[in-house]
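J.: Numbering (the numbering used here), first residue to last: 1112 to 1181. Each residue gets a CB set at the ideal place from its N, CA and C atoms; glycine is no exception. All figures in this text were calculated on a predicted structure; none of them were measured in a lab.
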């Protein structure tokens, strides 16, 4: 992901049916970071919508995406 916040904490939380899974990283000097969210089929039954919340800089910037399991 990309932001205008250099060296900021990034947190991605995938909200599965069983429990949320959180992964974090730090943006580089340009505000870019990669956060890998690993999908665990055992935590989301077929047809379940997994919501992924991303926060940068302790909530200074946020976004959300989702996907539905097949």
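#1: Let me check understanding here. Comparing Cα to Cα, which of 1173, 1136, 1181, 1160 lies closest to residue 1121?
#2: Based on DSSP bridge pairs, tell me the residues matched to residue 1163.
#3: In angstroms with no decimal places, state the Cα-to-Cα distance between residue 1161 and residue 1123.
#4: Taking only the alpha-carbon atoms, compute the straight-line gap between residue 1172 and residue 1146 and give it to the nearest angstrom.
#5: Hey, could you find the ends of the beta strand (DSSP E) residue 1131 is sitting in?
#6: Within a Cβ cutoff of 7 Å, which residues of the same chain sit near residue 1174, ignoring the five residues on either side of it in sequence?
T.: Once the coordinates are examined:
#1: Out of 1173, 1136, 1181, 1160, 1136 has the C-alpha closest to the C-alpha of residue 1121.
#2: Answer is 1125, 1176, bridged to residue 1163.
#3: Approximately 12 Å, taken between the alpha carbons.
#4: In this structure, the CA atom of residue 1172 is about 15 Å from the CA atom of residue 1146.
#5: Per DSSP, residue 1131 is one residue of the beta strand (DSSP E) stretching across 1131-1137.
#6: Around residue 1174: 1165.
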